[in-house]
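Position 188, counted from 1, in the sequence shown is what our numbering calls 1090; the numbers after and before it change by one each time, with no gaps. The beta carbon of each residue, even a glycine, is placed where N, CA and C say it ideally should be. Data block below; observations after.
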Amino acid sequence: MVNEIKKRRLGRGLESLLGDKPAKEIMNQARPVLISKIKPSKFQPRTHFDPVDLERLTESVRKEGVLMPILVRPQGDGYELIAGERRWRASQAAGLLEIPAVVRDVDDLQALEFAIIENEQRNDLTAIESARAYKRLIDEFSYTQQQVAESIGVSRVQVSNMIRLMQLPASVQQMIEKRELTMGQARPLVGLDAARAETLAASCVKHGLSARQMEKEAKRSTKQEIVKAKMEDADVLALQDELTRKLGLPVNLMCRKNGSGELKIGYTRPEELDGVLSRLRQQR
């Protein structure tokens, strides 16, 4: 499906820019473009570039030049990157003035789709980066999750699972971005309260827990929460019954997780309210 999407969106031959060697047809279309005229893509889903990996690429560019053209689109008096930011950065670091580029006049939607496809084809994105990119297609271009899946060439379930990761606390999302947590390890944490999710995430990083182990830990944590809630409910009911017996009127006690709550006393006649007030005044 990925190849079909690339061909439909990018045109014949251009999908080879995602491979190791561009097609001859594409190489013939490439032309030198001033690096100073190129701006980074506003749709780049990747937020982190490995400095060691970038240095290796820079050395390769110094020795052999840029072997694969980048993809740009016209913007103002210059160009905006669509794909090939690592090559563009390495070329700047190597001191080059020009870089081979294929110029295509594509719209914002096509630019975002290709940026996602390029990075996912090379496995460059973290799960959170993919999630943000998918969410952007939904928020900015009114895509459904199914349309995102068809556009990028992945399953709808994967799109849904990725986007759900954005419900995690910011600290856990950062662990995913730093590649300390994989999607499989982090997914069981979705739906847990923030404190428990952060605790389990830290434990996973510290002890190197597998995705299966994280599923078991998350289930155990959920069961403990349910047991605790039931115990708290039992205590509330017992207190509610005690107050009902002492006052001789129906009492409803509602407790919130933050410690606040409401106490309601029901009565049907003014005399019953007078009786409650009389008891309260006697306690002064």
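{"Item": "Extent of the continuous alpha helix (DSSP H) to which residue 1166 belongs", "Value": "Element bounds for residue 1166: not the alpha helix (DSSP H) but the beta strand (DSSP E), 1163-1167."}
{"Item": "Stretch-stretch touch, CB-based, cutoff 8 Å, three pairs: the stretch 928-936 with the stretch 995-1014", "Value": "yes"}
{"Item": "Cα-Cα separation, residue 995 to residue 967", "Value": "12 Å"}
{"Item": "Euclidean distance between Cα positions of residue 1057 and residue 1051", "Value": "5 Å"}
{"Item": "Residue 941 (DSSP reduced to helix, strand or coil)", "Value": "strand"}
{"Item": "C-alpha distance - residue 979 paired with residue 1041, whole-angstrom precision", "Value": "29 Å"}
{"Item": "Residue closest to residue 976, alpha-carbon to alpha-carbon, out of 1143, 943, 1018, 1104", "Value": "943"}
{"Item": "Straight-line Cα distance separating residue 1153 from residue 1169", "Value": "9 Å"}
{"Item": "For residue 1008, three-class secondary structure by DSSP", "Value": "coil"}
{"Item": "For residue 1069 and residue 1034, the rounded distance between their alpha carbons", "Value": "12 Å"}
{"Item": "Strand pairing of residue 981, partner residues [DSSP]", "Value": "940, 976"}
{"Item": "For residue 1152, three-class secondary structure by DSSP", "Value": "coil"}
{"Item": "Residue 905 burial status per 10 Å Cβ neighbour count (16 or more: buried)", "Value": "Below a pLDDT of 50, predicted positions are generally treated as unreliable, and residue 905, at 45, falls in that range; the measurement from the model is reported next regardless. By the neighbour-count rule (16 or more Cβ atoms within 10 Å), residue 905 is not buried but exposed."}
{"Item": "Cut-off 7 Å between Cβ atoms - residues of its own chain near residue 992, not counting five sequence neighbours on either side", "Value": "956, 959, 960, 963"}
{"Item": "Where the alpha helix (DSSP H) containing residue 1090 begins and where it ends", "Value": "Looking at the DSSP string, residue 1090 is not in any alpha helix (DSSP H), and its letter there is neither H nor E."}
{"Item": "Pick from 1010, 999, 997 that is closest to residue 982, judged by C-alpha positions", "Value": "1010"}
{"Item": "Segments of 4+ residues assigned as alpha helix (DSSP H) that fall wholly inside the stretch 1037-1082", "Value": "1047-1054, 1058-1066, 1072-1079"}
{"Item": "Alpha-carbon spacing of residue 1075 relative to residue 1037, whole angstroms", "Value": "15 Å"}
{"Item": "For residue 1035, the residue or residues it bridges with in DSSP", "Value": "Partner(s): none; residue 1035 has no beta bridge."}
{"Item": "Which residues DSSP lists as bridging residue 1000, in chain order", "Value": "936"}
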